Amino acid sequence: MAWGIWAIITVALLIVETITVDFLFMMFSAGTLAALFVSLASPSALALQIVVFGIISTLGIAFVRPWARRHVNDSSRGESNVYALAGRTGQALSDITANAGRVKIGGEVWSAKCAGEPIDEGSAVVIQSVEGARVVVTPVRNES
């Protein structure tokens, strides 16, 4: 019956992981899942189940968690999503005024407005900021 307790703990840890998305509780749930399989194979070996839980959890925290955190978009390290557009360049698809315009940024078309003088169609632009679903742009300055 120890497998049932391990199963409940595994599910509870996975629920906590979905709330935190820190990859810590997922490593513990991997340990509980391994202990669950050990309990199915050897129901009376509680000490072995606990050792397997400890080893798998520790290995997960030491090796898998750092890898997973590097490969998942971590918004705590600066801007992410649309706010990461600031500083990128694009091309004006139409004339851009203080009220309207369209730009292409990395294959995506955005509504735009200029932060200063109007910008002609076809000009290269730099994204200054994002305001809702519209980017604020300025022309690229050619320094020769």
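Anchor point for the sequence shown: position 97 equals 97 in the UniProt record's numbering, and the numbering is continuous, going up by one each time.
For each residue, glycine too, the CB sits at the ideal point set by N, CA and C.
A quick note: this is a predicted structure, and the numbers were derived from the prediction, not measured.
Let me know if residue i comes out buried or exposed under the rule of 16 or more other beta-carbons within 10 Å of its beta-carbon.
i	result
W67	exposed
residue 164	Only positions 1 to 144 of the chain appear in the structure, and residue 164 is not among them; the question remains open.
L13	buried
I119	buried
S129	exposed
V137	buried
For residue i, I'd like the list of residues in its chain whose CB is within less than 7 Å of its CB, leaving aside the five on either flank, ordered along the chain.
i	result
A7	L36
I9	T32
M27	S57, G60, I61, V64, R65
A2	S39, P43, L46, Q49
Counting along the chain, where does the alpha helix (DSSP H) carrying residue i start and finish?
i	result
V136	V136 -> not in any alpha helix (DSSP H); beta strand (DSSP E) instead, spanning 134–139.
E17	2–20
I105	I105 -> not in any alpha helix (DSSP H); beta strand (DSSP E) instead, spanning 102–105.
S44	From DSSP, S44 is part of no alpha helix (DSSP H); its letter is neither H nor E.
P66	65–70
Short check: CB of residue i to CB of residue j, under 8 Å?
i	j	result
L85	I127	yes
V135	V103	yes
T89	V140	yes
V125	A92	yes
E117	S94	no
V52	A34	yes
On the DSSP bridge assignment, give the partners of residue i in chain order.
i	result
G90	V125
E131	R134
V109	K104
I96	I119
Tell me which same chain residues have a C-beta within less than 6 Å of the C-beta of residue i, skipping the five on either side of it?
i	result
A115	Q128, V136, T138
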